[in-house]
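Colleague:
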Amino acid sequence: MIPPDHPRHRSLVVRERLAAYAREGVVALEGLIAHGRGEAFDYLLGERTIESALLAERTAAAMLRMAERPVFSVNGNTAALAAGAIAALQRVSGIPVEVNLFHRTEERVRRIARILEDAGVSVLAGEAERLIPLSHDRAYCLRDGIYAADVVLVPLEDGDRCQALRSLGKQVIAIDLNPLSRTARSATLTIVDEVTRAIPAVAEAYPTLTDAESARLISRLDNTYLLRSALDAIGERLFHALD
Ligand code: PTJ
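Just add 3 to the spot in the sequence shown (first one is 1) and you have the working numbering.
(1) Quick one: is the Cβ of R40 within less than 7 Å of any heavy atom of the ligand PTJ?
(2) Thinking C-alpha only, which one of T108, G87 and P73 is nearest I98?
(3) Quick check: what's the CA-CA separation for D45 versus N181?
(4) Confirm the yes/no value for this check: CB of A131, any heavy atom of the ligand PTJ, distance under 7 Å.
(5) Put S184 into one of helix, strand or coil per three-state DSSP.
(6) Residues in the same chain with beta-carbon distance under 7 Å from R40, minus the five sequence neighbours each way, listed in chain order, please.
(7) Would you report the Cα separation of A90 and A204, rounded to the nearest angstrom?
(8) Contact between the stretch 211-219 and the stretch 183-203: three or more CB pairs below 8 Å?
(9) With a cut-off of 8 Å, do at least 3 Cβ pairs link the stretch 138-151 to the stretch 56-69?
(10) Which residues share a DSSP beta bridge with V77?
(11) My guess is that V124 and V112 are in contact by the Cβ rule of under 8 Å, so how many angstroms apart are they, rounded?
(12) On the DSSP letters alone, give me the boundaries of the alpha helix (DSSP H) that V154 sits inside.
(13) Below 8 Å on the Cβ atoms is my guess for A206 versus L92; work out the distance and round it to an integer in Å.
(14) Could you give the DSSP three-state label for A177: helix, strand or coil?
(15) In whole angstroms, what is the alpha-carbon distance linking H12 and S217?
(16) Cβ of L156 less than 8 Å from any chain C Cβ?
(17) Determine the closest residue to P158 out of A64, T199 and D235, with distance taken between C-alpha atoms.
(18) Starting from T193, trace the beta strand (DSSP E) both ways and give me its first and last residue.
(19) When the Cβ atoms of the stretch 71-88 are set against those of the stretch 226-233, are three or more pairs found closer than 8 Å?
(20) With 16 other CB atoms within 10 Å as the buried threshold, where does S184 fall?
(21) Can you tell me whether DSSP reads E132 as helix, strand or coil?
(22) Taking the straight line between their C-alpha atoms, what separation do you get for Y228 and M4?
(23) Following a CB-centred definition, is F105 positioned closer than 7 Å to any heavy atom of the ligand PTJ?
Structure (structure tokens):
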């Protein structure tokens, strides 16, 4: 039992949840390592949504609103951390949700879909095919899902697939706490924020946007600016850490 007054209570509860899901085979063991990297960057960012991330979240909502075929690609970590938030985003936006895994087994796909469905998410079903030009199993996706999408929202992505999706002409919205990652640099738009803060922020922005405001946000999208702002925020915190 983690004492509620522990200064790192939330972080410890989240770790406990991920470890439990890892024991059940929902979260890949490698996902625990990925979470640790994310935690480190979140620590450096001050465990808050920085201003440029808020702009990225509004722009992401605008891109999803204006997309013809948006799809939300969900992996083990994202389902374990944010199933309820995914359901809430789907409620306001109607975005189709597809399970897509790096460490893919049909059993994991089923378990993750079940966790999402239990939280109220409607999950795309069908026979995944090797359609993305990749040598690993993230190549598998649904022909009517990610493969047909024009905009793909992908939290905790690996850089390879982000680039492969871009090479297929898709716009990629990444959620990644590491502003230096290949994913962050190759996505169309990167939200440098923790996934449990980012998804609710996109859902909150979505119904507030008009077509005109969405078009304005999209026309001003500058991913390099967003990544620089995140690095500046980290630099600023490091510089004043011992003040
Ligand atoms: O469930 P699977 O089989 O698809 O596997 C998922 C993992 C996460 C193991 C796989 O996609 C992977 O190896 O990812 P990477 O290449 O380690 O990248 C994960 C990125 O997400 C890293 O840059 C982390 O900083 C970032 N990250 C980790 N946790 C969070 C995060 N970003 C936002 N919110 C988090 N909670």
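C-beta atoms are modelled at their ideal positions from N, C-alpha and C, and glycine is treated no differently.
Treat the numbers as computed from the prediction; the structure is a model and nothing was measured.
Modeller: In this structure, then:
(1) For this step, residue 40 is matched to residue 37 along the sequence shown. Yes - the ligand PTJ has a heavy atom lying nearer than 7 Å to the Cβ of R40.
(2) Reading the sequence shown from its first residue, position 95 is the one you call residue 98. That would be P73, whose Cα lies nearest to the Cα of I98.
(3) Counted from its first residue, the sequence shown places residue 45 at position 42. Counted from its first residue, the sequence shown places residue 181 at position 178. Using only the alpha carbons, I get a separation of about 8 Å.
(4) Start at 1 with the first residue of the sequence shown, and residue 131 comes out as number 128. It does not: the Cβ of A131 is nowhere closer than 7 Å to a heavy atom of the ligand PTJ.
(5) The residue you call residue 184 lines up with position 181 of the sequence shown. It is coil, neither helix nor strand.
(6) Within the sequence shown, residue 40 is the residue found at index 37, counting from 1. Result list for R40: N181, in chain order.
(7) Translated into the one-based positions of the sequence shown, residue 90 becomes position 87. Translated into the one-based positions of the sequence shown, residue 204 becomes position 201. Between A90 and A204, the C-alpha separation is close to 13 Å.
(8) no
(9) no
(10) Sequence index remark: in the sequence shown, residue 77 carries index 74 (1-based). V77 is bridged to V102.
(11) What you label residue 124 is simply residue 121 of the sequence shown in a count that begins at 1. What you label residue 112 is simply residue 109 of the sequence shown in a count that begins at 1. Contact doesn't hold; Cβ gap of about 14 Å is too wide.
(12) Looking up residue 154 in the sequence shown gives position 151. V154 -> not in any alpha helix (DSSP H); beta strand (DSSP E) instead, spanning V154 to P158.
(13) Translated into the one-based positions of the sequence shown, residue 206 becomes position 203. Translated into the one-based positions of the sequence shown, residue 92 becomes position 89. Indeed they touch by this definition, with Cβ atoms about 4 Å apart.
(14) On the sequence shown, position 174 is the one that residue 177 refers to. Reduced to three states, the DSSP call for A177 is strand.
(15) Counted from its first residue, the sequence shown places residue 12 at position 9. Counted from its first residue, the sequence shown places residue 217 at position 214. Their backbone Cα atoms lie some 38 Å apart in a straight line.
(16) Included in the structure is just one protein chain, with no chain C present.
(17) Against the sequence shown, residue 158 aligns to sequence position 155. Answer by Cα proximity: T199.
(18) Locating residue 193 in the sequence shown gives position 190, counting from the first residue. Residues L192 to I194.
(19) no
(20) Against the sequence shown, residue 184 aligns to sequence position 181. Under this definition S184 is a buried residue.
(21) In the sequence shown, counting from the first residue as 1, residue 132 sits at position 129. In this structure, E132 counts as strand in the three-state DSSP scheme.
(22) As a working mapping, residue 228 is identified with position 225 in the sequence shown. As a working mapping, residue 4 is identified with position 1 in the sequence shown. Cα to Cα, Y228 sits roughly 42 Å from M4.
(23) Against the sequence shown, residue 105 aligns to sequence position 102. Because some heavy atom of the ligand PTJ lies under 7 Å away, the Cβ of F105 counts as near it: yes.
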